[in-house]
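**Q** Okay, handing you the structure first.
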Amino acid sequence: MGRVYKFGSGISTDAIMPGRYNVTTDFDSLRKGCFIEARPDFVATVQPGDIIVAGRNFGCGSSREHAPLSIKQNGIACVVAQGFARIFTRNATNIGLPIIRCAEVYDAVQEGDEMTVDIRTGVITSGGRTFAGEAPSGVALTIMEYGSLIEMIKARGWAALEEANVS
Amino acid sequence: MGTLAEEIFTQRLGREVHAGETVVADVDFAFAHDVTGPLAIKAFEQLDQPVWDPARIAFTFDHVMPANTVAAAELHRQIREFCAAQGVTNVLAEGICHQVLVEKGIAVPGGIVVGADSHSTTYGAMGCFATGLGSTDIGVTFATGRTWFRIPETVRVNVNGEPAPGVQAKDIALHVIRQVGAEGADYMAVEWGGETVSAMAMDERLTLCNLSVDFGGKAGMVEPDATTFAYTGGRGREVHVSNPRYIRTLEVDASAIRPQVAVHPAIDNVRDIDDVAGTPLDEVFIGSCTNGRLSDLALAAAMFEGREVSPRTRTVIVPSSRRVYLDTLERGYIETFARAGALVMNPGCGPCLGRQHGVLGPGENALSTSNRNYPGRMGSPEARIFLASPAVAAASALRGAITDPAEVN
Chain L
126 MGRVYKFGSG
136 ISTDAIMPGR
146 YNVTTDFDSL
156 RKGCFIEARP
166 DFVATVQPGD
176 IIVAGRNFGC
186 GSSREHAPLS
196 IKQNGIACVV
206 AQGFARIFTR
216 NATNIGLPII
226 RCAEVYDAVQ
236 EGDEMTVDIR
246 TGVITSGGRT
256 FAGEAPSGVA
266 LTIMEYGSLI
276 EMIKARGWAA
286 LEEANVS
Chain W
5 MGTLAEEIFT
15 QRLGREVHAG
25 ETVVADVDFA
35 FAHDVTGPLA
45 IKAFEQLDQP
55 VWDPARIAFT
65 FDHVMPANTV
75 AAAELHRQIR
85 EFCAAQGVTN
95 VLAEGICHQV
105 LVEKGIAVPG
115 GIVVGADSHS
125 TTYGAMGCFA
135 TGLGSTDIGV
145 TFATGRTWFR
155 IPETVRVNVN
165 GEPAPGVQAK
175 DIALHVIRQV
185 GAEGADYMAV
195 EWGGETVSAM
205 AMDERLTLCN
215 LSVDFGGKAG
225 MVEPDATTFA
235 YTGGRGREVH
245 VSNPRYIRTL
255 EVDASAIRPQ
265 VAVHPAIDNV
275 RDIDDVAGTP
285 LDEVFIGSCT
295 NGRLSDLALA
305 AAMFEGREVS
315 PRTRTVIVPS
325 SRRVYLDTLE
335 RGYIETFARA
345 GALVMNPGCG
355 PCLGRQHGVL
365 GPGENALSTS
375 NRNYPGRMGS
385 PEARIFLASP
395 AVAAASALRG
405 AITDPAEVN
């Protein structure tokens, strides 16, 4: 159970982690830079387990992995969006930041609402209502089972995907 | 049988593959730059193995070059140390990755290239499959020489007709983005073709493929032809579209396109120049991986010759590579820029990502030949960014306001 932070559509990785704040690999610096200009109160108020709800094309633009890392470092349990940009999807999956695509929930919840997300089934509950988000499948599910891309490669190499015959 | 993307993966895997399949494939080249590189190294080091092939890996110093903070200098140091330890000699501090690596010949027809930068789609102009990945993906490729791909569906864009004077590849791409929206090619490849693209030089094809990611494209591609093989000196392998099934086909009449401007705050908020002409500008930036090549700077120099840029506008020009810089210098363009009152910076990403060389303040307007106008991209989130071609940028620099290049020539 977490509280909802609501964002619009087309939230770019520049908005999540501006180019002036990602000249580092230090995870705590990245945590502090999350939404620093687009949503300056975010880092000060977010609690572990909170959930980001957004519209379409979340994480568009730059490939900077600093963006999903900064969200993860703030303890966000899951990002639920109507859609995710391609590279952001891969990056979030690779580092173990749960993301769930769901078209309906965006208009049904408000900032600050309580929400629960089952990151395996995609089932979202909030305010007594239940929404069917897309459960992870294919490569994303395989990587999720290992925890991260690095853990998957360390355990099995690419055979983890080739033998699973994912599609 | 298939699209260019399908044909390239079919060649690579030695079996016929089609859109929707997920495969693990060998890549020909992988790279990262000075901001994504250190995170890629951090991921790579967790695997505790050497790099797969030092000759097929590169690091570029371009996003913050030369270092303007202690933190940036430290990232550069980490990269140099890593490359020395791993025997990686492609440590390139001579411009933007997507220009320098094309000049170095790492992308050839039929190849597969991955880079830790979203605009890695640019290399598809060489008739290869190229896409941007995050740092962890690239770190794993550095170790294994492979990555996974979902073979994408393809949007085909057929461009025909002679563009009017002052209308460039940038305008054609913005016109397409205006039609399909910022998510128009999400998770898909974009295949650019038609008579107009066939007639284009490599510089312009690179612009089209570069901007393909900005409407969601996983790759931007042009089928290799005589122009491609002339550029590569015959390197690469023949690969051709064969009875393709496209998810969508767009027909573009280039002769009907006006100069296009993507208006803050979104790439798909595109207008004809006539709708935004006269908007005052605090900064004009001519450069970037989209439009910082020789033909772009030649066009700006021709318009600046014997003139001065508006004193109310700082005009920043950044050649995309050392070679472009030297060619520009030899042709006298640098002197033209300096006499016109423009500021010429060292090759690299320049002010595109708001970290150096012309950061925007609150309330300022900038017109840029780059590819992104998200709030905060070039500095203050209260600045407004307009994206357009080098012709529009040069004309606008002279007038200090958004200007149709036809008015200046």
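Here the protein sequences line up with chains L and W, keeping their order. The numbering of the first sequence is the working numbering, which starts it at 126 and goes up by one. The numbering of the second sequence is the working numbering, which starts it at 5 and goes up by one. Every residue, glycine too, gets a C-beta built ideally from N, C-alpha and C.
Would you say GLY237(L) and VAL129(L) are within 9 Å of each other, going by their C-beta atoms?
**A** yes
**Q** Would you say HIS179(W) reaches chain L, if we count a Cβ-Cβ gap shorter than 9 Å as a contact?
**A** no
**Q** Against chain W, with Cβ distances strictly below 9 Å, would ARG254(L) count as a contact?
**A** no
**Q** GLN50(W) versus chain L: which residues are under 8 Å apart at the beta carbon?
**A** ILE275 and LYS279
**Q** Check each candidate in SER374(W), VAL180(W), ARG154(W) and PHE308(W) and name the one with the smallest Cα separation from HIS123(W).
**A** SER374(W)
**Q** Distance cutoff 9 Å, beta carbons only. Does TYR127(W) sit that close to anything in chain L?
**A** no
**Q** Would you mind sorting VAL226(W) into buried or exposed? The rule is 16 or more other CB atoms within 10 Å of its CB.
**A** buried
**Q** Of the residues that make up the stretch 180-192 of chain W, which ones have a beta carbon closer than 7 Å to any beta carbon in chain L?
**A** Those residues of the stretch 180-192 of chain W that come within reach of chain L (Cβ to Cβ, closer than 7 Å) are ALA186, GLU187, ASP190 and TYR191.
**Q** Pick from ARG326(W), GLY220(W) and ALA260(W): whose alpha carbon is nearest that of ARG211(L)?
**A** Of ARG326(W), GLY220(W) and ALA260(W), the residue nearest in Cα terms is GLY220(W).
**Q** So, for THR218(L): in the same chain, excluding its five sequence neighbours on each side, which residues have a beta-carbon less than 6 Å away from its beta-carbon?
**A** ALA265 and ILE268
**Q** Helix, strand or coil: how does DSSP classify SER372(W) here?
**A** In this structure, SER372(W) counts as strand in the three-state DSSP scheme.
**Q** In chain order, what residues of the same chain have a beta carbon less than 6 Å from the beta carbon of PHE33(W), not counting five sequence neighbours either side?
**A** ARG60, ILE110 and VAL117
**Q** Skipping 5 residues on each side, what residues in its chain have a beta carbon closer than 6 Å to that of THR253(W)?
**A** ARG160
**Q** By Cβ distance, which residues of its chain are closer than 8 Å to GLN53(W), with the 5 residues on each side in sequence left out?
**A** Excluding residues up to 5 positions away in sequence, ALA147 lie with their Cβ nearer than 8 Å to the Cβ of GLN53(W) in the same chain.
**Q** Quick check on VAL264(W): does DSSP put it in helix, strand or coil?
**A** As written in the sequence, residue 264(W) is Gln, which differs from the Val given in the question. GLN264(W): strand per DSSP, three-state reduction.
**Q** With a floor of 3 residues, list each beta strand (DSSP E) that falls wholly inside the stretch 277-337 of chain W, ordered by position along the chain.
**A** 287-290 and 318-321
**Q** Let me know the secondary structure DSSP gives CYS87(W) once reduced to three states.
**A** In the three-state DSSP reduction, CYS87(W) falls in the helix class (H, G or I).
**Q** I want to know whether the stretch 136-151 of chain L touches the stretch 27-45 of chain W - three or more CB-CB distances under 8 Å.
**A** yes
**Q** Which full runs of the beta strand (DSSP E) of 3+ residues lie inside the stretch 202-277 of chain W, going along the chain?
**A** 223-226, 252-257, 264-267 and 274-276
**Q** Is the stretch 389-397 of chain W touching the stretch 360-373 of chain W, taking contact as three or more C-beta pairs under 8 Å?
**A** Contact between the stretch 389-397 of chain W and the stretch 360-373 of chain W is present: 3 or more CB-CB pairs across the two stretches fall below 8 Å.
**Q** Using beta carbons (cut-off 9 Å, strictly below), is HIS361(W) in contact with chain L?
**A** no
**Q** For ILE176(L) versus MET240(L), is the C-beta spacing smaller than 9 Å?
**A** yes
**Q** Check whether the Cβ of ASP175(L) lies closer than 9 Å to any Cβ atom in chain W.
**A** no
**Q** Apart from the five residues just before and just after VAL31(W), which ones in its own chain have a Cβ nearer than 7 Å to its Cβ?
**A** ILE116, VAL117, VAL118, THR145, GLY149, ARG150 and THR151
**Q** Does THR283(W) have its Cβ less than 9 Å from a Cβ in chain L?
**A** No - not a single Cβ of chain L is within 9 Å of the one on THR283(W).
**Q** With a Cβ-Cβ cutoff of 9 Å, do THR200(W) and ILE181(W) count as a contact?
**A** no
**Q** Chain W partners of ILE220(L), CB-CB under 8 Å?
**A** Neighbours of ILE220(L) on chain W, chain order: THR140.
**Q** Considering only C-alpha positions, which residue in the set CYS353(W), GLY358(W) and ASN72(W) is nearest to ARG326(W)?
**A** CYS353(W)
**Q** Quickly, what does DSSP pair LYS131(L) with across the bridge? List them, please.
**A** BP columns for LYS131(L) point to VAL178(L).
**Q** Going along the chain, which residues of its own chain have a beta-carbon closer than 6 Å to the beta-carbon of MET206(W), five neighbours each way excluded?
**A** Excluding sequence neighbours, MET206(W) sits near TYR235.
**Q** For GLY180(L), which residues in chain W fall below 9 Å Cβ to Cβ?
**A** Within 9 Å Cβ-Cβ: nothing; GLY180(L) doesn't reach chain W, min ~11 Å.
**Q** Please decide whether ALA228(L) counts as near chain W, where near means a Cβ-Cβ distance under 9 Å.
**A** no
**Q** 9 Å is my cut-off, CB to CB: does SER188(L) come that close to chain W?
**A** True, the Cβ-Cβ gap to chain W drops below 9 Å.
**Q** Closest to ALA414(W) by C-alpha separation, out of PHE289(W), GLY143(W), LEU301(W) and SER292(W), would be which residue?
**A** Residue 414(W) is absent from the structure shown; chain W starts at 5 and stops at 413.
**Q** Between the C-alpha atoms of ARG215(L) and SER273(L), what's the straight-line distance to the nearest angstrom?
**A** 11 Å
**Q** Could you work out which residue in ALA285(L), SER187(L), ARG245(L) and VAL230(L) is closest to THR125(W) when comparing CA atoms only?
**A** SER187(L)
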